[in-house]
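Please read the structure below before turning to the comments.
2 protein chains.
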Amino acid sequence: MKERRIPKETIDRLPLYLRCLNKLIDRGEENISSENFSSRLNLNSAQVRKDLSYFGDFGTRGVGYKTEKLASEIRDILNLDKSWSMALVGVGNIGSALLTYRGFDQRVFEVEMAFDRNPDLIGEELNGVEIEDVNNLVDRVSEKNIRIGIVAVPAQAAQEISEKLVEGGVTGILNFAPTLLDIPDDVQLAQVDITKELEQLVYYLQK
Amino acid sequence: MKERRIPKETIDRLPLYLRCLNKLIDRGEENISSENFSSRLNLNSAQVRKDLSYFGDFGTRGVGYKTEKLASEIRDILNLDKSWSMALVGVGNIGSALLTYRGFDQRVFEVEMAFDRNPDLIGEELNGVEIEDVNNLVDRVSEKNIRIGIVAVPAQAAQEISEKLVEGGVTGILNFAPTLLDIPDDVQLAQVDITKELEQLVYYLQK
DNA sequence: CAGTGTGAAGATGTTCACAGCG
DNA sequence: CGCTGTGAACATCTTCACACTG
Numbered sequence: 000m001k002e003r004r005i006p007k008e009t010i011d012r013l014p015l016y017l018r019c020l021n022k023l024i025d026r027g028e029e030n031i032s033s034e035n036f037s038s039r040l041n042l043n044s045a046q047v048r049k050d051l052s053y054f055g056d057f058g059t060r061g062v063g064y065k066t067e068k069l070a071s072e073i074r075d076i077l078n079l080d081k082s083w084s085m086a087l088v089g090v091g092n093i094g095s096a097l098l099t100y101r102g103f104d105q106r107v108f109e110v111e112m113a114f115d116r117n118p119d120l121i122g123e124e125l126n127g128v129e130i131e132d133v134n135n136l137v138d139r140v141s142e143k144n145i146r147i148g149i150v151a152v153p154a155q156a157a158q159e160i161s162e163k164l165v166e167g168g169v170t171g172i173l174n175f176a177p178t179l180l181d182i183p184d185d186v187q188l189a190q191v192d193i194t195k196e197l198e199q200l201v202y203y204l205q206k
Numbered sequence: 000m001k002e003r004r005i006p007k008e009t010i011d012r013l014p015l016y017l018r019c020l021n022k023l024i025d026r027g028e029e030n031i032s033s034e035n036f037s038s039r040l041n042l043n044s045a046q047v048r049k050d051l052s053y054f055g056d057f058g059t060r061g062v063g064y065k066t067e068k069l070a071s072e073i074r075d076i077l078n079l080d081k082s083w084s085m086a087l088v089g090v091g092n093i094g095s096a097l098l099t100y101r102g103f104d105q106r107v108f109e110v111e112m113a114f115d116r117n118p119d120l121i122g123e124e125l126n127g128v129e130i131e132d133v134n135n136l137v138d139r140v141s142e143k144n145i146r147i148g149i150v151a152v153p154a155q156a157a158q159e160i161s162e163k164l165v166e167g168g169v170t171g172i173l174n175f176a177p178t179l180l181d182i183p184d185d186v187q188l189a190q191v192d193i194t195k196e197l198e199q200l201v202y203y204l205q206k
């Protein structure tokens, strides 16, 4: 195991390795080689080995990696062994979709609170979560010790909301608004930018 | 103007430049320097100049860039001067959110068709779009000459659906399913992977 | 003379190639 | 003998630094 700085691209790929492993485990496969791995994810096998070796010597020479063991190691590395409760702000199109989304592992990620400023929504319940007044956001988030905030409000409101989330003690923000958030360095940001993805996509569609 | 290959990171940033420019134009600013630009987007000013210079000499030495002109150039480069109609597949949580999403410029991107396999949804109308039977996808997409498909179905169905979209003549796919699609090289892929973003986010939340 | 455009230097990430271990 | 782990070579992207121009 080396002590070099870990490239963010490596962190980017860990969730993909994990997904691939889960599929293999479901199928009963016990081992996988970096070569097999890399062909499933279309990348170079040396890449796979290097990525994994940043965190330890997980493989066995001449054999490969044990699927179960490696999956568990990666979950550990990514912090998916804990459970993370999240506060959602903005229960519009995307917000309400997220509240009922089944895509993420419920044992790891859970939307525990939801906020909106629309009086018609406040007090309503969606998927077992009561929608609260966004004016109480700071207090409620810090009260419940929430560490992740999801910003699903219109672009104009996104900066203000993210500041409130940070004030409430959140250390990670998942932003769906198509805008750059200005947040402290010690708060982590992940961006889901649908418009940007589409705009890039059509660039490559020109002939 | 140079003839070097354009880094994909540069394409990545173009939508951000455009957004920033639109804000400035709204405010009535007529010029912007690479320095000013870069501080708004937190990147290096040489980066901005280099990115833009791949496509032409848009700036004026001693002055900067004309906001209107540069915005128009970038729209051109990204192909946002055309209108792109899209076919949405899967009208569940995320799919229906996208059908009513106001985030993207309606004159450029429009969901023109929607498909699902749920008989209860087929025939319903959402935001002016009739939900059609996914079994007719290939024919209908090629009939309407759709070039972009949005995959918003569960992971297990995503590969099959993307193959149908390609068969229908789509050349770009925006995939929301948390799975790697195996598609022909001449079909462009953009991925919106919420779970992956969250998993990466919590990696950085460890202390 | 302020600010662009761009070679050259530097930083970061990927792939090769192979020693070495199980 | 097969496959990992990893230095070294290579490729790509970013930043520096400055010539040059409106």
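Going down the list, the protein sequences come from chains A and B.
To convert, note that position 108 of the first sequence is 107 in numbering that gives the first Met the number 0; the numbers rise steadily by one, no gaps.
To convert, note that position 15 of the second sequence is 14 in numbering that gives the first Met the number 0; the numbers rise steadily by one, no gaps.
C-beta atoms are modelled at their ideal positions from N, C-alpha and C, and glycine is treated no differently.
Since the structure is predicted, the reported quantities are computational estimates derived from the model, not experimental observations.
Just mark residue i as buried or exposed, buried being the case when its beta carbon has 16 or more other beta carbons within 10 Å.
{"i": "Arg106(A)", "result": "exposed"}
{"i": "Asp119(A)", "result": "exposed"}
{"i": "Lys195(B)", "result": "buried"}
{"i": "Ser161(B)", "result": "buried"}
{"i": "Ala207(B)", "result": "Residue coverage of chain B in this structure runs from 0 to 206, which leaves residue 207(B) outside it and unanswerable."}
{"i": "Gly148(B)", "result": "buried"}
{"i": "Glu198(B)", "result": "buried"}
{"i": "Gly58(A)", "result": "buried"}
{"i": "Glu8(B)", "result": "exposed"}
{"i": "Gly27(B)", "result": "exposed"}
{"i": "Gly122(B)", "result": "exposed"}
{"i": "Arg4(B)", "result": "exposed"}
{"i": "Arg18(A)", "result": "buried"}
{"i": "Pro6(B)", "result": "exposed"}
{"i": "Pro183(A)", "result": "exposed"}
{"i": "Asp25(B)", "result": "exposed"}
{"i": "Asp115(B)", "result": "buried"}
{"i": "Val191(A)", "result": "buried"}
{"i": "Glu72(A)", "result": "buried"}
{"i": "Met0(B)", "result": "Any reading at Met0(B) must be qualified, since the residue scores a pLDDT of 46, below 50, and its modelled position is unreliable; no value is offered."}
{"i": "Ala45(B)", "result": "exposed"}
{"i": "Asp50(A)", "result": "buried"}
{"i": "Arg12(A)", "result": "buried"}
Which residues of chain A have a Cβ atom closer than 8 Å to the Cβ of residue i, listed in chain order?
{"i": "Gly171(B)", "result": "Leu200, Val201, Tyr203, Leu204"}
{"i": "Thr99(B)", "result": "Asn92"}
{"i": "Ile76(B)", "result": "Tyr202"}
{"i": "Leu79(B)", "result": "Glu198, Val201"}
Could you name the residues of chain B that residue i contacts, counting a contact when the two beta carbons are closer than 7 Å?
{"i": "Lys49(A)", "result": "The premise fails here: Lys49(A) is roughly 17 Å from chain B at the closest Cβ pair, so nothing lies under 7 Å."}
Starting from the Cα of residue i, find the closest Cα among the options and give me that residue.
{"i": "Asn230(A)", "options": "Thr178(A), Glu159(A), Met112(A), Ser141(A)", "result": "Any question about residue 230(A) goes unanswered here, given that chain A covers just 0 to 206."}
{"i": "Val140(A)", "options": "Asp115(A), Ala151(A), Glu166(A)", "result": "Glu166(A)"}
{"i": "Phe175(A)", "options": "Thr178(B), Ile193(B), Val128(B), Ile182(B)", "result": "Ile193(B)"}
{"i": "Leu188(A)", "options": "Gln187(B), Ile73(B), Gln46(B), Leu200(B)", "result": "Leu200(B)"}
{"i": "Asn144(B)", "options": "Thr9(B), Asp115(B), Met85(B)", "result": "Met85(B)"}
{"i": "Leu40(A)", "options": "Tyr100(A), Leu23(A), Gln155(A)", "result": "Leu23(A)"}
{"i": "Ser38(B)", "options": "Asp181(A), Thr99(A), Phe54(A)", "result": "Asp181(A)"}
{"i": "Arg60(B)", "options": "Asn30(B), Leu17(B), Leu13(B), Asp25(B)", "result": "Asn30(B)"}
{"i": "Pro14(A)", "options": "Ala151(A), Thr99(A), Phe103(A)", "result": "Phe103(A)"}
{"i": "Val152(B)", "options": "Arg101(A), Thr178(A), Ala156(A), Asp115(A)", "result": "Arg101(A)"}
{"i": "Leu164(A)", "options": "Val137(A), Leu179(A), Gln190(A)", "result": "Val137(A)"}
{"i": "Asp185(A)", "options": "Val186(B), Thr178(B), Pro177(B), Tyr203(B)", "result": "Tyr203(B)"}
Chain A partners of residue i, CB-CB under 7 Å?
{"i": "Glu196(B)", "result": "Leu173, Ala189, Val191"}
{"i": "Arg146(B)", "result": "Leu204"}
Can you pull the chain B neighbours of residue i, defined as C-beta to C-beta under 9 Å?
{"i": "Leu40(A)", "result": "Leu179"}
Practice problem: Quick one: which residues of the region 103 to 134 of chain B get their C-beta closer than 7 Å to a C-beta of chain A? List them in chain order. | Solution: Phe103, Phe108
Self-check item: Residues, ordered as in the chain, of the region 149 to 160 of chain A that lie near chain B by beta-carbon distance below 7 Å
Solution: none
Quiz item: When Cβ atoms are compared, which residues of the region 175 to 187 of chain A fall closer than 7 Å to chain B?
Solution: Pro177, Leu179, Gln187
Quiz item: Can we say the region 83 to 94 of chain B touches the region 57 to 75 of chain B, given the rule of at least three CB pairs closer than 8 Å?
Solution: no
Practice problem: Scan the region 82 to 96 of chain B for residues whose Cβ lies nearer than 9 Å to a Cβ of chain A and list them as they occur along the chain. | Solution: Trp83, Met85, Gly91, Asn92, Ile93, Gly94, Ser95, Ala96
Exercise. Could you list the residues in the region 8 to 21 of chain A with a C-beta less than 9 Å from some C-beta on chain B, going in chain order?
Key: Ile10, Asp11, Leu13, Pro14, Leu15, Leu17, Arg18, Cys19
Quiz prompt | Three or more C-beta pairs below 8 Å linking the region 165 to 173 of chain A and the region 121 to 135 of chain A | solution = no
Practice problem: Specify whether the region 24 to 42 of chain A and the region 74 to 82 of chain A touch according to this definition: at least 3 beta carbon pairs, one from each stretch, less than 8 Å apart. | Solution: no
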